[in-house]
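**Student:**
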Amino acid sequence: MNKKRVKPVRVRPAHEDRALSHRRSPGRPPVHTEAWSKVSVVLFDRQILQLDRLASSTHGRNGKALNRTEIIRALIDGLFDSGMDVTTTSSETDLRARVSRRLGTPYR
1397 MNKKRVKPVR
1407 VRPAHEDRAL
1417 SHRRSPGRPP
1427 VHTEAWSKVS
1437 VVLFDRQILQ
1447 LDRLASSTHG
1457 RNGKALNRTE
1467 IIRALIDGLF
1477 DSGMDVTTTS
1487 SETDLRARVS
1497 RRLGTPYR
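In the numbering used here, the protein residues as written are 1397 to 1504.
1. My parser needs the alpha helix (DSSP H) runs of 4 or more residues fully inside the segment 1419-1487; what are they?
2. Write down the C-beta distance between Arg1469 and Ala1451 rounded to the nearest angstrom, noting that I regard them as a contact closer than 8 Å.
3. Can you give the beta carbon distance from Leu1447 to Ile1467, rounded, assuming they're within the 8 Å contact cut?
4. Just to confirm my understanding: we take Arg1494, look at its own chain, exclude 5 residues before and 5 after, and list those with CB closer than 8 Å. What are they?
5. Please identify the residue among Lys1460, Leu1462, Ser1487, Leu1491 whose C-alpha is closest to the C-alpha of Leu1475.
6. Please report how far the alpha carbon of Ser1453 lies from the alpha carbon of Ser1487, in whole angstroms.
This is the structure:
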């Protein structure tokens, strides 16, 4: 049997990333000022629908549209910045109820 050869991945030192960041590349300009990773997350269809409605309504009210990613990042950072202790949370349902209570909305 032939063995597949795996090409080693070269990890670029951070200083090289900064040196290359000034080069202009095709496509959208970078909008992030800190390191980031692309993550796949499974959301329910109802959550996507609500995110899309929220994004559309922000665009209609102030002319600047927020996209799903910006909304999700803001919610995550808001949770972390709140100082809320979620270390004793036992489930997704429990976390949802705690966040809802903290925001002053009844959990359904």
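Using N, Cα and C, we set each Cβ at its ideal position, and we do this for glycine too.
**Tutor:** The answer reads as follows:
1. 1441-1458, 1464-1477
2. So it is not a contact: roughly 13 Å between Cβ atoms.
3. 6 Å
4. Met1480, Val1482, Thr1485
5. Leu1491
6. 31 Å
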